[in-house]
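In this text, residue positions in the sequence shown follow my numbering: the first is 6, and each later residue adds one. Written out below as structure tokens is the structure these notes cover.
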Amino acid sequence: MRFMTAEPFRIKMVENLKKTTKAQRQEFLKEAGYNAFKVKAENVYVDCITDSGTSAMSTEQWAAMMKGDESYASCKSFFHLEASVQDIFGMPFVQPTHQGRAADLIMANLYAKKGKYAIGNMHFDTFRGNAEIMGALAADLVIDEGLDTASAAHPFKGNMDTAKVTRLIAEKGVENVSVIIMTITCNNNGGQPVSMQNIRETSEIAKEFNIPFIIDCARYAENAYFIQQREPGYADTPIIEIAREMFSYCETAVMSSKKDGLVNMGGLFVTRNEAIFAAAQQLTIAREGFITYGGMSGRDLEALAVGLYEGIDQDYLEYRINQVKYLGDRLKEKGIPIVEPTGGHGVYVDGRRFFPNIPQHEFPSQRLVVALYEEAGVRCVELGACAFGSKDPVTGKDVMPALEIMRIGISRRVYTNNHLDVIAEALGYIYENRDSYKGMKLVYEAEITSLRHFTAGFEML
Ligand SMILES: *Cc1c(COP(=O)(O)O)cnc(C)c1O
Numbered sequence: 006m007r008f009m010t011a012e013p014f015r016i017k018m019v020e021n022l023k024k025t026t027k028a029q030r031q032e033f034l035k036e037a038g039y040n041a042f043k044v045k046a047e048n049v050y051v052d053c054i055t056d057s058g059t060s061a062m063s064t065e066q067w068a069a070m071m072k073g074d075e076s077y078a079s080c081k082s083f084f085h086l087e088a089s090v091q092d093i094f095g096m097p098f099v100q101p102t103h104q105g106r107a108a109d110l111i112m113a114n115l116y117a118k119k120g121k122y123a124i125g126n127m128h129f130d131t132f133r134g135n136a137e138i139m140g141a142l143a144a145d146l147v148i149d150e151g152l153d154t155a156s157a158a159h160p161f162k163g164n165m166d167t168a169k170v171t172r173l174i175a176e177k178g179v180e181n182v183s184v185i186i187m188t189i190t191c192n193n194n195g196g197q198p199v200s201m202q203n204i205r206e207t208s209e210i211a212k213e214f215n216i217p218f219i220i221d222c223a224r225y226a227e228n229a230y231f232i233q234q235r236e237p238g239y240a241d242t243p244i245i246e247i248a249r250e251m252f253s254y255c256e257t258a259v260m261s262s263k264k265d266g267l268v269n270m271g272g273l274f275v276t277r278n279e280a281i282f283a284a285a286q287q288l289t290i291a292r293e294g295f296i297t298y299g300g301m302s303g304r305d306l307e308a309l310a311v312g313l314y315e316g317i318d319q320d321y322l323e324y325r326i327n328q329v330k331y332l333g334d335r336l337k338e339k340g341i342p343i344v345e346p347t348g349g350h351g352v353y354v355d356g357r358r359f360f361p362n363i364p365q366h367e368f369p370s371q372r373l374v375v376a377l378y379e380e381a382g383v384r385c386v387e388l389g390a391c392a393f394g395s396k397d398p399v400t401g402k403d404v405m406p407a408l409e410i411m412r413i414g415i416s417r418r419v420y421t422n423n424h425l426d427v428i429a430e431a432l433g434y435i436y437e438n439r440d441s442y443k444g445m446k447l448v449y450e451a452e453i454t455s456l457r458h459f460t461a462g463f464e465m466l
């Protein structure tokens, strides 16, 4: 396979893209309140706002969709999906949901408690939103290296700081900790992986204190690939076996299938606890749909049953991780400050180091999102002062997050490296002219601070 370094697929159908002028894009930005979420997708040239639900499906998945069994109860398609999940996760009880946040909500209902801590490496924002609504205390205890965008030395920057975990349990009392959640890979600090050793050690602490241990596994296949490539002892282990070992340490896993499931919609709640499963089924019936479809259509269940296997294919993962790394390398060549090492599903640009003259409370990463769309029609997302900023519950003052980044999310099997070159060239141009940019001001924000970035409105300073 020495020469077979290109994509492990070829293109059978294309989706045409529209090119726009800079003057048009400036108008679109103004109409959108300088919030990229509100720019119409048809006016985006390369869309990197997320890797979620944007995968290109394979011929096998489209063929499977034709076999979707749309029976209300106990449809054939559910049993196909159940078999795939049981095989890959090595867990017995499978509940589909319409997407990841529905599984999050069920999990939060069953495991998070008002006034008690939910410990995580870095909680995903939809869980954090659910926890905030319920009054649970979401604590992010990632290792310190995980918050240092410039340190490239650590191979697993998504790791939980186990010393911080035991300290929090000792200080607050075990009765005040209701759950420990490991997010793999860790989206919020750059799609950084978690090592098998760290998953194991964290699960051992959870077991010692009798605290349920959960894995939020939207990008478990990418995490498994990093373990295979970077962790001693796994170089020859097939991805499926690495996945099974990761899941062997948790009681329950929740998944947004819209990432490593290689589908456009869907979620999973998977558990080995029968009582929890029964409770999850009841919540599903009340909110999602009957237990064998959980908010998904039969054809979507079929596409996921196939997509889960394609997502753990060795050749696919090698292509996937290396395409993202390709963009990271192009940006580094231009001196652009990115989170290193490059993560699994996107390249994260450090907004503060990119625009050193824009203070964090003037949203440097959001300014970069706006500049990149303006120059090249490329759409990314801010994960900084707007997305992760919070309010002090006592003083009501803005609290700035440790990380201030712009994520370039790379969709799976969708763009070519030529598209990624567009991003690199445009960012290089903005970087050369970085001294001419000024910050932004937040003029509208929703009440739930952890979800405000989706609907925020800005003005240019
Ligand atoms: C995307 C994601 C979610 C939420 O899933 P949706 O399918 O978008 O509802 C939850 N957790 C993680 C880690 C995710 O990446």
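Idealized CB from N, CA, C, for every residue including glycine.
| Item | Value |
| --- | --- |
| Could you give the C-beta distance for A41 and E345, rounded to a whole number, given that I count them as a contact under 8 Å? | Incorrect: roughly 24 Å between the Cβ atoms, too far for contact. |
| If I measure Cβ to Cβ from G134 and keep anything under 7 Å in the same chain, skipping five residues before and after, which residues do I get? | I453, S455, L456 |
| List, from N- to C-terminal side, the alpha helix (DSSP H) runs of 4 residues or more that fit wholly inside the segment 43–91. | 64–71 |
| So which of E315, A258, R325, L373 has the shortest CA-CA distance to G471? | Any question about residue 471 goes unanswered here, given that the chain covers just 6 to 466. |
| Straight-line CA distance for I245 to D318? | 9 Å |
| Please return the same chain residues whose Cβ sits closer than 7 Å to the Cβ of I210, not counting the five positions on each side in sequence. | T167, V170, T171 |
| What whole-angstrom Cβ distance do L306 and Y298 have, given they're in contact under 8 Å? | 7 Å |
| For the segment 375–439, list the beta strand (DSSP E) runs that are entirely contained and at least 3 residues long, ordered along the chain. | 386–388, 410–414 |
| Is the segment 286–301 touching the segment 328–343, taking contact as three or more C-beta pairs under 8 Å? | no |
| Since E227 and L322 are thought to touch, with beta carbons under 8 Å apart, how far apart are those beta carbons, to the nearest angstrom? | 7 Å |
| Please classify G401 as buried or exposed, where buried requires at least 16 other C-beta atoms within 10 Å of its C-beta. | exposed |
| Going by DSSP in three states, P346 sits in which element: helix, strand or coil? | coil |
| Whose beta carbon lies closer than 6 Å to any heavy atom of ligand 1, going through the chain in order? | S57, Q104, G105, R106, D109, F129, T131, T188, N192, D221, A223, S261, K263, K264, G272 |
| Check the DSSP bridge columns for Y39 and list the partner residues they point to. | Note: Y39 sits in no beta bridge, so no partner. |
| Can you find the residues in the same chain that come closer than 6 Å, C-beta to C-beta, to K81, ignoring five residues on each side of it along the sequence? | D74 |
| Assign R205 to one of two classes, buried (16 or more other C-beta atoms within 10 Å of its C-beta) or exposed (fewer than that). | exposed |
| If you check the beta carbons only, do D92 and V383 fall under 9 Å apart? | no |
| So E256 and R277 are supposed to be a Cβ contact under 8 Å. How far apart are they, rounded? | 6 Å |
| Starting from F274, trace the beta strand (DSSP E) both ways and give me its first and last residue. | 272–276 |
| Just grab the DSSP bridge partners of E480 for me. | Lying outside 6 to 466, the shown extent of the chain, residue 480 is not represented and no answer is given. |
| Are the beta-carbon atoms of Q233 and G348 separated by less than 9 Å? | no |
| Using C-beta distances below 7 Å, list every residue in its chain close to S200, excluding the 5 sequence neighbours before and after it, in chain order. | F161, N164, I232, E236 |
| In terms of residue numbering, what span does the beta strand (DSSP E) encompassing A11 cover? | Element bounds for A11: n/a, residue is neither H nor E. |
| My guess is that Q365 and M405 are in contact by the Cβ rule of under 8 Å, so how many angstroms apart are they, rounded? | 5 Å |
| What does the alpha-carbon distance come out to for the pair R30 and V19? | 24 Å |
| Taking G351 as the reference, give the member of I174, A284, A11, I54 with the closest Cα. | I54 |
| Quick one: using the 10 Å Cβ neighbour count with 16 as the cut-off for buried, is F359 buried or exposed? | buried |
| With a threshold of 6 Å on Cβ separation, who are the neighbours of K43 within its own chain once the five nearest residues in sequence on each side are excluded? | A37 |
| Taking 9 Å as the cut-off, decide whether the C-beta atoms of Y39 and V375 are in contact. | yes |
| Helix or strand or just coil, what does DSSP make of P369? | helix |
| Report all residues from its chain with a CB closer than 6 Å to the CB of E464; omit the five preceding and five following residues, and keep chain order. | K446, V448 |
| Restricting to Cα atoms, I'd like to know which of K35, I219, L336, N181 is closest to I435. | L336 |
| Nearest-angstrom Cα distance between G266 and L309? | 6 Å |
| Taking all protein chains shown into account, decide if M112 is buried (16 or more other Cβ within 10 angstroms of its Cβ) or exposed. | buried |
| I'd like to confirm the pairing. Which residues does DSSP put opposite P101 in its beta bridges? | L273 |
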